[in-house]
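Everything on this sheet refers to the single structure shown next.
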Amino acid sequence: MSRLLLPSRWLRAAIALSIGATAQLSAHSMNDNPLLSESTLPFNYPHFDLIKVEHYAPAFDAGMAQQKQEIDTIASNPAAPTFENTIVAMERSGRTLGRVSRVFFNLSGTVTNPEMQKIEKLMAPKLAAHGDSIRLNSALFERIQSLYQRRAELGLDPESDRLLERYYKDFVRAGAQLNEADKTFLRALNAELATLHTTFAQNVLKETNASAVLVETREELDGLSDNAIAAAASAAKAAGHEGKYLLRLLNTTGQPALASLKNRALRQRLFETSVNRNSRGGEFDNREVIAKIAKVRAERAALLSYAHHAALQIEEQTAGSVENVQRLMAQLAPPAVANARKEAADLQAVIDAEGGGFQLQPWDWDYYSEKVRAARYAFDAAQVRPYFEMNRVLEDGVFYAATQLFGITFHERTDLPKYHEDTRIFEVRNEDGSPVALFIVDWYARPSKRGGAWANAYVSQSGLLGTMPVIANHLNVPKPPAGEPTLLTNDEVVTAFHEFGHALHGMFSQVQYPRFAGTAVARDFVEFPSQVNEMWATWPAVLSHFAKHYQTGEPLPATLLEKIQAAAKFNEGYRTTEYLAATLLDLSWHQLKADEVPAADQVLAFEADALKRAGVDFAPVLPRYRSPYFNHIFASNGYAAGYYSYIWAEVLDADGSAWFEEQGGLNRTAGDHYRKTVLSRGGSKDAMEMYREFSQRDPDVKHLLKRRGLDGATAQ
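Numbering (the numbering used here), first residue to last: 152 to 867.
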C-alpha cells in the first residue's frame, strides 16, 4: 500500500520546513549549489548528477531565508489586502524551499545514508518552526481573514474562491486564532513532534535492516523458489555472510517467504523477528517514541479545541467525523472476523489431516492458506510468477492500460541523470504528441530505501508557476541476482497498478494553483484513483497483453486465469481483518486524551486491549502493522487517524469500478471522462462533488461488501 505524498507546493514548503541560521557561505559555493536555482533540464527535472549531500543544509537555509522575506513582505504590505497581493503572492512564495524539500525528502526515502539522516534529524524541529512562523503570523492572518470575510464581493472564479477558503481554514486549524502564550506552546509541541516523527521513521528503517534473518543452510529454505534462494544468497554475501542466506524483512507484519517455507521453526523465527521489531529494547525501540507522539498530539488537539487528534484530522476529510468512520468499521469488522474464523477452521483441518499436532499460529497462516488455495482451486500462487516479468508488467500492462484509457504514450529518456542506477525515466505524451510529464520508475528494494510502496512528486504541475509534473513510483521488489529475470507476485503486480493510479493523478493535474496540484486532496479521497487503477491488473484485455511466460512468450493459460478469478475472494477474511485491525488500532491511539496515553512499557498492552475492545483480537491474524513499526501513523501526521482512508476510498473505488464496467471498461470515452472530472482537478474542487460529477451518483457500500465477500457473512 502506498504512502503519499507531499501535499502541495506551498504547504510542503511552509509546513514541512523551518527557519534556521543562514549558513555563512562564499558567493562561489552558493553559486555552485544546484538546488538554489531552477533546473535547466526538461520539465525542471532535478540535476541528480550535480546534487551532493553538502548542498542540502545551505540550500535549506537560503530557501527558508528567502521565503521568510517573501512572507514578511506580504504581511507588512501597506496596501489593502487583495487576492493577488496576499493569496497569490503566498502561492508564489518559497519556490527555492519547495524545490530543496522535494528533492531532499524524496531522496531520503529512497537512497538515504547516515549523512542525510543526520540532516533530517537536525532540520526537523527547525522545519516545524518555519511552518509555524508563517501560519501563526498575526499580520498575515489578518489579511487572509479580511479577504475571507468579504469573499462574496471579490468576484473570484471557483478555484480561486476555494483557494481563499482553504488558506483561511488551514491557518485557523493551525492555531492562527490562539493567543500569544498558546502559540508559543503550540510551536514547542510542533517542534517536538517533528523530531519524534523523524526518530520513529529512522528507527523503523534501521531496525528492519538490522533484523534480516540469517539462515545457515539451503535445506532450511525448502519451499522457496530457486530465484528466491539465489536472492537470499546474494543478500547474505553482500552483508558479509558468504555461503549463507539472508531473508530481508518488508515493513509489514507478514513476510512473503511465510507462504512457501516448509520449515515451521524458520517460519516462526521469521515471523517473530518481524512482529517484535522496534519493541525488543535497544537503541531502535520505538515504544517511548510512540507514547510521546500520542501525548503531544493529544495536547495539540486540546489546545486547538478538539476532543482528540482523530477529531482534528478527520474534520477536513470526506468522512467528516470520527463517528462516520466508526460506522463504516462497525459494518465491516464483524463479518470480516467471522470470515477469518471460518478460514482458520479450514487451515486447522489441513494441519490436523497432515498429523501436524499443533494449533494454527500466525506464522502458519500463509503457508497453509496456500495449501487450501491449491486444493480448492488447483491454484498455486507461484504458478503465475513466470508470467509476470517486471518490465513486461510495466510496459505491456501498466502503460498499455493507460494508453487504452487516455491515449498517452511513454518514451524512455536515457539522457537524464538518475539518483540510482535501478531507476528508469519516461516522458509521457498525449495522443497529439504534446508533453504531459516525466515519470520515474523505482521498483527494486534496497537497504537505503524505506519499506512499502508510494508515489511522490519532484515537480508539481501549476498554471500559475508554469510547471509540469515529474512524478515517481516506488515499490520494494527484491532484486534477483545478475542475469536472472525479475518475476513479480500477483500482489506486486496489483501494487504496481495501484501506485500508477497515484502517478496519473499527479501527471494529469491541470490546476492553476500549486496548493491544489495532483494528489493534494482529502486524505481519504487520495486513494480512490490508485485503487480504481488496480482493476486493470486483472482486466482480461490488459492481463492477456502482459501476462506472458518470460521464457516462451506463451500467454497465461485460460485455465490459470480462471483459477485466479475463482480464487479472487479467497482469504478475504484474513486480508480484511488484518487491515481493519491496523485501522482500529490507529483510531484507538488517536482518540486518547493526553492523560490517557499509556507509558512506554504499556504500549503493547494498550495495543492488545484496543484490538480486543474493537472486536478484532483474533490471535492467528495480527494487524498489518503493529504500533512500533506503523510508519503510516507515527512517522508523520500524514495518515495519523487516517489509515481508514484505504477502506473509505475503496467504497468509492468499488462503486467507481462498477461504473467503468457499465461504460464498457477499457475505452477512451470512459477514460477521458474520468481524466476530465477527477484526475485533472486535483484539490480544486470538493472531493465528493468531483466523484458525483464523475459517476453521476452517490457511492454505494454494497459494491465493496460484494467485492470482499462480506455481503453474506454473519458474525460468530
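Backbone N, C-alpha and C fix where the C-beta goes; we use that ideal spot for every residue, glycine too.
Closest by C-alpha distance to residue 674, out of 759, 796 and 573, is 796. A residue is called buried when at least 16 other Cβ atoms come within 10 angstroms of its Cβ; residue 513 meets this threshold and is buried. Shown here, residue 560 sits in a strand according to DSSP, grouped into three states. Note on the stretch 564–590: whole beta strand (DSSP E) runs with a minimum of 3 residues are 575–580, in chain order.
The Cβ atoms of residue 603 and residue 641 lie no closer than 8 Å to each other. The C-beta distance from residue 538 to residue 696 rounds to 12 Å, too long to fall under 8 Å, and the pair is not in contact. Approximately 12 Å separates the beta-carbon atoms of residue 211 and residue 267; this is outside 8 Å, ruling out the contact. In the pairwise beta carbon analysis, the stretch 662–682 is classified as touching the stretch 827–844: at least three pairs are separated by under 8 Å.
One alpha carbon belongs to residue 335, the other to residue 296, and they sit about 21 Å apart.
Partner residues in a beta bridge of residue 796, as assigned by DSSP, do not exist. A contact is defined here as three or more CB-CB pairs under 8 Å, and the stretch 284–300 fails this definition with respect to the stretch 422–433.
Judged by their CB atoms, residue 595 and residue 573 are nearer to each other than the 8 Å cut-off. Contact between residue 785 and residue 256 does not hold, since the beta-carbon distance rounds to 17 Å and is not under 8 Å. In this structure, the alpha-carbon of residue 559 lies about 42 Å from that of residue 280. The Cβ-Cβ distance between residue 251 and residue 299 does not fall below 8 Å.
Between residue 345 and the set 787, 777 and 562, the nearest pair of CA atoms involves 787. Non-local C-beta neighbours of residue 831 in its own chain, meaning closer than 6 Å and more than five positions away in sequence, comprise 659 and 661, ordered along the chain.
For residue 314, the enclosing alpha helix (DSSP H) has its first and last residue at 309–324. Beta-bridge annotation (DSSP): residue 257 is not paired with any residue. Residues of the same chain with a CB within less than 7 Å of the CB of residue 758, apart from the 5 flanking positions on each side, are 736, 777 and 778 in chain order. Nearest C-alpha to residue 853 among 482, 384, 209 and 771: 482. For residue 206, the enclosing alpha helix (DSSP H) starts and ends at 204–226.
A distance below 6 Å between beta-carbons, with the five flanking residues on each side excluded, links residue 357 to the following residues of its chain, in chain order: 435. Closest by C-alpha distance to residue 608, out of 657, 452 and 384, is 657.
Remark: C-beta atoms of residue 393 and residue 386 do not approach each other more closely than 8 Å.
Between residue 765 and residue 484 a beta carbon distance of about 7 Å is seen, short of the 8 Å cut, so the two are scored as contacting. Residue 442 sits away from residue 452, with the two beta carbons spaced by 8 Å or more. Rounded to the nearest angstrom, the gap between the Cα atoms of residue 377 and residue 694 is 25 Å. In the displayed model, residue 494 falls within a helix according to three-state DSSP. Straight through space, the alpha carbons of residue 464 and residue 706 are spaced by roughly 47 Å. A direct Cα-Cα distance of roughly 10 Å separates residue 227 from residue 294. According to DSSP, residue pairing for residue 618 in a beta bridge involves 613. The beta carbons of residue 723 and residue 807 sit no closer together than 8 Å. Around the beta carbon of residue 303, a 10 Å sphere encloses fewer than 16 other beta carbons of the protein chains shown; the residue is thus reported as exposed. About 6 Å separates the beta carbon of residue 592 from that of residue 545, a gap short enough to meet the 8 Å contact definition. Taken in chain order, the whole alpha helix (DSSP H) runs of length 4 or more contained in the stretch 752–833 are 754–764, 782–785, 796–813 and 819–825.
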